[in-house]
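Everything on this sheet refers to the single structure shown next.
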Amino acid sequence: MTRSRTTPPLVIAHRGACGYLPEHTLEAKALAVGLGADYLEQDVVISRDDELIVSHDIHLDRVTNVAEVFPGRQRDDGRFYVRDFDLAELRQLLVWERFSDDEGRETVFPDRFPARSGRFRIATLDDELQMVAGLNRSRKRRIGIYPELKAPAWHRTEGVDGARLLLAALSRYGYTSKADPVFLQCFDARELRRIREELGCRLRTVQLIADNSWGESDTDYEQLLTAQGLENVAEYADAIGPWLRQLYVLAPIDGTPVSSGLVSLAHSAGLEVHPYTFRADALEPCFEDFDTMVHWFCDTLGIDGLFTDFPDLAISALT
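Below you can see the structure in the form of structure tokens.
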């Protein structure tokens, strides 16, 4: 199932064009559309009044001014949770370039959009899907969406079934079948299987693969990386979204990248491969430049899509 060169890999705007504007803002998504991305990613978490919020984390601390606007609303662990705020409250927050610590002392990517700058706001999934629909109409080009159900097990402990809410929202906007330009992704293998088998989802689904040490879910990702694991994934998913470093190893003699075999195993199981994350300002250590990195993963390994913070640079590398 490796893509031919007549169908180049999908370019998926990771949190929008977040190499240029604060992540998951409508501005970052609109820019990604203008830069030519094929798909826009939406990480989905849930507010206290069960609104679907587009934000990478269940926490607000590192991407907003929540501590200034709502002092004292943190939990015992010191973190501010999206789930503890109504949409009307979340609308009051400013979204900033991501910080690397809870105190907001340093940004993760210091050469990106200036810290604590701009008037960007949190968006709901409805906000974004309305914008996508409008741009699809005005541009006469159908941009795809790539929502991720975040932390479903944690949300369930908070009394909410995120999968049902997300599928209902997608259905309202006409996303109901594999023919529609949407991929639904999740790190939780049990939940993704439930989405397909219990909730009857007919969308294309993607099993995200983390490193076990990250604690994304109780899924054993090492097992998923095996031939048998991938055959199991193919029972309920159409693609995998692995970490880039799961796709290669370094040759012991000269340190050059060599395929780990994962792409071939996935293709043999009938799965597409959409790895994350291609960043021009954070290259994989064995590559000298962004173009070389993109070409190696696309041409040598044959990946089917790629998540990137810089959709324009990825498109340029592929053309």
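Count along the sequence shown from 1, then add 445; that gives the number in our numbering.
Using N, Cα and C, we set each Cβ at its ideal position, and we do this for glycine too.
The structure displayed is predicted, hence computed values, not measured ones.
Coil, strand or helix - residue i by DSSP
i	result
S709	helix
L716	coil
V678	helix
Q630	strand
T745	helix
G604	coil
F544	strand
R649	strand
L728	coil
L615	helix
Y620	coil
P454	coil
T753	strand
R586	coil
A568	strand
D488	strand
Y666	helix
F735	helix
I498	strand
L758	helix
E593	strand
L410	Examination of residue 410 is not possible in this model, given that the chain is present from 446 through 764 alone.
L644	coil
L538	coil
Cutoff 7 Å; reference residue i; Cβ partners in own chain excluding five residues on either side
i	result
Q691	I654, L670, S705 and L707
Y693	P702, V703, S704 and S705
D572	L471
L758	A725 and F735
I503	V490, Y526, V527, R528, K595, A596 and W599
Classification of residue i by the beta-carbon crowding that lies within 10 angstroms, buried from 16 upward
i	result
D754	buried
I698	exposed
S562	exposed
V553	exposed
W659	exposed
G523	exposed
D483	buried
E642	exposed
A598	exposed
R543	buried
L644	exposed
T569	buried
F752	buried
G604	exposed
L468	Checking the sequence, you will find Glu at residue 468 rather than Leu. Its Cβ being crowded by 16 or more others within 10 Å, E468 is buried.
P559	exposed
Sequence-distant residues of its chain with Cβ nearer than 8 Å to residue i (five each side left out)
i	result
A578	Y618
L695	T701, P702, V703 and C731
A714	A672, L675, E676, V678 and A679
R584	V478
L538	L505, T509, N510, V511, V514, R566 and I567
Which residues DSSP lists as bridging residue i, in chain order
i	result
H504	Y526
I685	Q652 and V718
V703	V694
T764	Per DSSP, none; premise fails for T764.
R552	Checking the sequence shown, residue 552 turns out to be Thr, not Arg. Answer is F544.
Neighbourhood of residue i by C-beta, 6 Å cutoff - its chain only, sequence neighbours within 5 removed
i	result
S622	R647
R649	K623, F628 and D683
W688	none
- Message: Is it the case that the stretch 723–736 contacts the stretch 605–613, given that we only count it when at least three CB pairs across the two stretches are under 8 Å?
- Response: no
- the stretch 459–479 in contact with the stretch 580–597 per 3-pair CB rule at 8 Å: yes
- Message: Using a Cβ distance threshold of 8 Å, determine whether the stretch 512–525 contacts the stretch 489–498, with at least three qualifying pairs required.
- Response: no
- Message: Would you call the stretch 631–639 in contact with the stretch 677–691, where contact means no fewer than 3 C-beta pairs closer than 8 Å?
- Response: yes
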